Structures are given as structure tokens and as C-alpha cells.
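Undergrad: So the protein lines, in turn, are chains A and B. Just so we're aligned, residue 75 is where the first sequence starts under this note's numbering, counting upward by one. Just so we're aligned, residue 1086 is where the second sequence starts under this note's numbering, counting upward by one. Just so it is clear, CB atoms sit at the ideal spot from N, CA and C, and this is done for glycine as well. Remember, predicted model here, so these are calculated numbers, not experimental data.
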Amino acid sequence: MIGVWGAFAGALVLLLVLLAWVRAEASSKDSRSDWGAADQEQSEGENVEACSPEIVSQLFSAADSKFISGLESPGLENLFRRERTAVALHWVQETSAFISKVMRRHLEASRLRADLEIATEARIFLQYARLKLYCGILFVLIGLLGPQRLAGTALHAERFIQRVGEGLVEFQSAAQLREPEGSESL
Amino acid sequence: MSAMVKPLPVQEAYEDLLQRSLCRIPCDLGRLLYLASTRDYNTGNYHHDGLADRFSVKVARSALEIAHRQAFYKVAALSLEELVRDLAAYLESSRENPEEFLRTWQRLEPYRIAIPMEVNPTVARLFASNVRLALAVLRLRQSTHADR
Chain A
75 MIGVWGAFAG
85 ALVLLLVLLA
95 WVRAEASSKD
105 SRSDWGAADQ
115 EQSEGENVEA
125 CSPEIVSQLF
135 SAADSKFISG
145 LESPGLENLF
155 RRERTAVALH
165 WVQETSAFIS
175 KVMRRHLEAS
185 RLRADLEIAT
195 EARIFLQYAR
205 LKLYCGILFV
215 LIGLLGPQRL
225 AGTALHAERF
235 IQRVGEGLVE
245 FQSAAQLREP
255 EGSESL
Chain B
1086 MSAMVKPLPV
1096 QEAYEDLLQR
1106 SLCRIPCDLG
1116 RLLYLASTRD
1126 YNTGNYHHDG
1136 LADRFSVKVA
1146 RSALEIAHRQ
1156 AFYKVAALSL
1166 EELVRDLAAY
1176 LESSRENPEE
1186 FLRTWQRLEP
1196 YRIAIPMEVN
1206 PTVARLFASN
1216 VRLALAVLRL
1226 RQSTHADR
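(1) So, helix, strand or coil for residue 1131/B, using DSSP?
(2) So does the stretch 1131-1141 of chain B actually touch the stretch 1206-1222 of chain B, counting three or more Cβ pairs closer than 8 Å?
(3) If contact is defined by three or more beta carbon pairs under 8 Å, each pair taking one atom from either stretch, is the stretch 129-141 of chain A in contact with the stretch 219-235 of chain A?
(4) From residue 1159/B to residue 1231/B, what does the alpha carbon distance come to, in whole angstroms?
(5) Name the DSSP bridge partner or partners of residue 1124/B?
(6) Excluding the 5 residues flanking residue 1124/B on each side, which residues of the same chain have their C-beta closer than 6 Å to its C-beta?
(7) Where residue 85/A and residue 241/A are concerned, what is the direct C-alpha to C-alpha distance, given to the nearest angstrom?
(8) Please list the partners that residue 141/A has in chain B, where partner means a Cβ-to-Cβ separation under 9 Å.
(9) Can you find the residues in the same chain that come closer than 7 Å, C-beta to C-beta, to residue 1161/B, ignoring five residues on each side of it along the sequence?
(10) Can you tell me which of 1201/B, 1219/B, 1166/B and 1164/B puts its alpha carbon nearest to the alpha carbon of residue 1190/B?
(11) Between residue 1173/B and chain A, is any beta-carbon pair separated by less than 9 Å?
(12) Please state whether DSSP places residue 1202/B in a helix, a strand or coil.
(13) Is residue 216/A close to chain B? Criterion is C-beta to C-beta, closer than 9 Å.
(14) Report, in whole angstroms, the separation of the C-beta atoms of residue 209/A and residue 166/A, which I expect to be a contact under 8 Å.
(15) Ordered along the chain, which non-local residues of its own chain (more than five positions away) have a Cβ less than 7 Å from that of residue 1118/B?
(16) Relative to the C-alpha of residue 1136/B, which residue among 1176/B, 1174/B, 1216/B and 1101/B is closest?
(17) Using only CA atoms, which one of 203/A, 157/A, 160/A and 214/A lies nearest to residue 177/A?
(18) Below 8 Å on the Cβ atoms is my guess for residue 1120/B versus residue 1152/B; work out the distance and round it to an integer in Å.
(19) Got a sec: is the Cβ-Cβ distance from residue 236/A to anything in chain B below 9 Å?
(20) Using a Cβ-Cβ distance cut-off of 9 Å, determine whether residue 1188/B contacts chain A.
(21) Relative to the alpha-carbon of residue 1168/B, which residue among 1134/B, 1221/B, 1109/B and 1227/B has its alpha-carbon at the smallest distance?
(22) In chain B, what lies closer than 8 Å to residue 82/A by C-beta?
(23) For a cutoff of 9 Å on Cβ pairs, would you count residue 1120/B as touching chain A?
(24) Output the boundary residues of the alpha helix (DSSP H) element that contains residue 199/A.
(25) Using the rule of at least 16 other Cβ atoms within 10 Å of the residue's Cβ for burial, across every protein chain shown, is residue 78/A buried or exposed?
(26) Going along chain B in order, which residues have a C-beta closer than 7 Å to the C-beta of residue 161/A?
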């Protein structure tokens, strides 16, 4: 009996997550439609700056939410929720794309190396998988709860992503520096 | 952003720009729009006659570009309450009819032009979204005021 109820609860949770995902996708698609080309061009540019922690905390700020609530206008509150959710979802997608780009570059550099360490590569892959999972969870939670309740989680994610991302970039640079030495010794 | 290293002539031109032009503008949004207006829409290059005469076209261009980015990030990082106050100050300084001003800004979204090239897309979106919200707040205040 417990098994049936457990399965039912599990299915319900899965359904909720799926609904949140669909809702989040729809919100981010809405906001993507009029920025599409500009976004693509900008994210492809090499000189685009990363989103600073100040901006991330501003995006998830509870103070803005309080300010809007204080105006006692349901229409404005709805607009605020829609606007912030769309920008927050875009930030998660951008971050996720950045992680994939760093990993892709790392893989390209790794393919050329002869002294690959399986343990290091496995550790990097696990960190990459963790970051992608983090982004996925954040995406669903933003769709489900809205960004204002996730300020702490988002900032923690941002710091974590930044740290691991920098680690990957440093590892890649070190590998690139080691490459000529390796080729000389061959 | 604030730690951006500027070569000496660019630094001088930047300070000149701050002292002669930007300090006369009463709000952050006004300064941002002024700086964006010095950019050519076709080429993306910045130009300011006075600054180019005192320094050089290239130095003036760099100083304007740096000032524009800094002004943009400053406005993008404002809280919604601060932005509403800043937008109200800009509206007042424009001496236009407030109702018409707000309606036109909501329809034409001229503030999108104020976004510099190659800024982080999330920051650009947050900026545009915040301005949209600030406009909605001012319109709400206006309609509440009219009802009384």
C-alpha cells in the first residue's frame, strides 16, 4: 500500500517538476523572441563580460519585490514577477551555456594532449555534471517559486560556478602552456 | 568595471568629460542617454566635437566608450526604487508632458538604444526590464494622482 502511495507521490512530484520546467521554458522563450539575434551575437563575442555578483544579487533582490508589493497593485506585481522570472531564467541559460563552452574548449585541448590523467579528467567531468545539474535545478525552481525566494541559492550557485569555471580555465591554460614542452620532448 | 585601466590621455579626456558635460546632467539615466547619443547608430563609434578638439578623435572615442559602459552598469545596478526616482528626475528635467512621455517610452522603448555594445546579455535584459517596471510604476502613480 505504501509502495503505491510512494509511487503516486513520486509521479506527482515528477509532474510538478515537468510543469515547472514547461512554464519556465515558456517564460524564457517569450523573452527570447525579441532579443534572440542580439543575444546570440553577444554571447558569441569573446569580449562579453561575465555577469557580476552585484548584478546577480540585484536580479534576485527581495528589496525590489518589497518595493513593488508596497505599491499594492496586483497588475504591477504580476508584471514584476513575469519580468524578473524571464531575466533570471535567461541568466541560468547563459550560465549553463558558458559552462558548456568552457567544457567544450577543455575537451578540444585535451584531445591534443598525450599526458592525459584519467583521475583529473574524471574530476573535471564530475564538476561539469554538477554545475549543469545545479543549473537545471535552479531553472526548475525559478519557474516554480520565482527568483525572489532563491536569492541565497542563486548567489551560492553563482560563486560555485565562477570558482569551478575559473578552475577549468586555469587548468586549460596550464595544459596549453605544457603542450609545447611536451611536443619538444617528443 | 570601475577598475577599468585607462591610458593617461584617455583618463584625462574622461575626467574632462565628467567635469564639463556629465556633471551638468542631474540624473544617472540622463547621463547614460546623453553618452549613448554620442554613438553613431551605423558604425557604433562615439564622437564628441569638443572632446575630439581638446584631445584627439581616437582618445575622445575611448573616453566616451568607457564613460558609457560605466554609466550603463551604474544604472543597471540601481534598485527599482532608485531607478523610479532617477527616471522621475529625468522626466522632470526633460520638461515634456509626463503622460505623453511615459506613453511614448512604453511604446517606443527608446532606452534600448542606451545599451552599449558587448555588454553581458543578462545585464542588458535586466536594465530594459527594470526601465519597463519603473515606467509602469510612474504610470501607476500618475493614474492614482489623477484619481484623487
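TA: Short version:
(1) strand
(2) no
(3) yes
(4) 32 Å
(5) 1131/B
(6) 1131
(7) 38 Å
(8) 1164, 1165, 1166, 1169 and 1222
(9) 1208, 1211 and 1212
(10) 1219/B
(11) no
(12) coil
(13) no
(14) 5 Å
(15) 1199
(16) 1101/B
(17) 203/A
(18) 5 Å
(19) no
(20) no
(21) 1221/B
(22) Within chain B, no residue comes near residue 82/A; the closest Cβ sits about 39 Å away, beyond 8 Å.
(23) no
(24) 192-219
(25) exposed
(26) 1207, 1210, 1211 and 1214
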